[in-house]
Amino acid sequence: MGRLESRPYIDNLMDHLAKWNEPAIRVLMMPRDTNAHGTIFGGVILSYIDQAGAIEARRQGLQFMVTVSMDKVVFHEPVFVGDLVSFWTETLRIGTTSITTKVIVEAIRGGHPEKKVVVTEAHVVYVNIGEDRKPRPIERHANAYT
Ligand SMILES: CC(C)(COP(=O)(O)OP(=O)(O)OC[C@H]1O[C@@H](n2cnc3c(N)ncnc32)[C@H](O)[C@@H]1OP(=O)(O)O)[C@@H](O)C(=O)NCCC(=O)NCCS
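Reading the sequence shown from the start, the letters are residues 976 to 1121 in my numbering.
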């Protein structure tokens, strides 16, 4: 039995992300992304998480935004060179000027296309800003991908 099979919370994570048919980002991990142990550096994953959450915010109609917080970041499993890594997203909350997104990171291990592993999750909050870089109320556009 694999380690994740005994962790139902992680097994159920992907059930929440059925809204979009495709991940915000999909990337193949390269040797340049490794840490001193030879696995993928957590900061690389965090950078992609930040981008993926921003793409989710764009899907909801935001155009100009800044990241105000990254929260509940959990690295469940390591990521390896050669893993095909997908960043799935959902919107948890749209406030007056901010949007809270959830990003789930799923890896397909190199050479094992049948094996998908949830490796990381995080909540990321973005604030919609105006040209003055101050918070600006979010307008829901008809052409947002909702
Ligand atoms: C984001 C920023 C514009 C917010 O300015 P601010 O004057 O503190 O904004 P406010 O207090 O009016 O809050 C604006 C929204 O952000 C939310 N917010 C503020 N701080 C937050 C935090 N630490 N965590 C979660 N949400 C937060 C507020 O709840 C509010 O949301 P709402 O309007 O939906 O209710 C400002 O802090 C900033 O420019 N930060 C730097 C952002 C940046 O450069 N990011 C990239 C880092 S490299």
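Glycine included, each C-beta is placed from N, C-alpha and C at the ideal position.
From a predicted model like this one, the values you see are computed outputs, not experimental measurements.
On the premise that residue j lies in contact with residue i, defined as a C-beta separation below 8 angstroms, what is that separation, rounded to the nearest angstrom?
i, j, result
"I1030", "T1095", "Not really, about 16 angstroms apart at Cβ, beyond 8 angstroms."
"F1055", "G1017", "In fact, because the Cβ distance is near 13 angstroms, the residues do not count as touching under 8 angstroms."
Pull up the distance between the alpha-carbon of residue i and that of residue j, whole angstroms please.
i, j, result
"E997", "A1027", "12 angstroms"
"V1102", "M1045", "12 angstroms"
"Q1038", "I1069", "14 angstroms"
"T1014", "V1078", "21 angstroms"
"D1058", "M1040", "30 angstroms"
"I1104", "V1002", "29 angstroms"
"T1075", "V1099", "6 angstroms"
"T1071", "H1012", "43 angstroms"
"K1090", "T1066", "26 angstroms"
"V1163", "E1114", "This structure cannot settle anything about residue 1163, because the visible part of the chain is limited to 976 through 1121."
"H1087", "A1032", "32 angstroms"
Less than 8 angstroms between CB atoms is the rule here; does residue i satisfy it with respect to chain B?
i, result
"M1005", "Looking for chain B here will not work: only one protein chain is present."
Thinking C-alpha only, which one of the options is nearest residue i?
i, options, result
"A1097", "E1106, R1111, E1081, G1105", "E1081"
"I1000", "T1064, A1011, E1052", "T1064"
"T1009", "Q1035, G1085, T1042, P1053", "P1053"
In its own chain, which residues sit with a C-beta less than 6 angstroms from the C-beta of residue i, not counting the 5 before and 5 after it?
i, result
"V1048", "A1097"
"I1083", "L1059, K1091"
Excluding sequence positions up to five away, which residues of its chain have a Cβ less than 7 angstroms from the Cβ of residue i?
i, result
"R1111", "T1072, N1103, I1104, G1105"
"T1121", "Bear in mind that the predicted position of T1121 carries a pLDDT of just 49, short of 50, making it unreliable; the figure below should be weighed with that in mind. Within the same chain, T1121 has close Cβ partners Q1035."
"F1062", "P998, A999, I1000, Y1023, I1024, A1027, V1078, V1080"
Who are the near neighbours of residue i in its chain, counting only those whose CB is closer than 8 angstroms to its CB and skipping five residues on each side?
i, result
"G1085", "F1055, V1056, G1057, D1058, L1059"
"P1006", "V1056"
Problem - For review: beta carbons within less than 5 angstroms of any heavy atom in ligand 2 - result: In the structure shown, ligand 2 is absent; the only ligands present are ligand 1.
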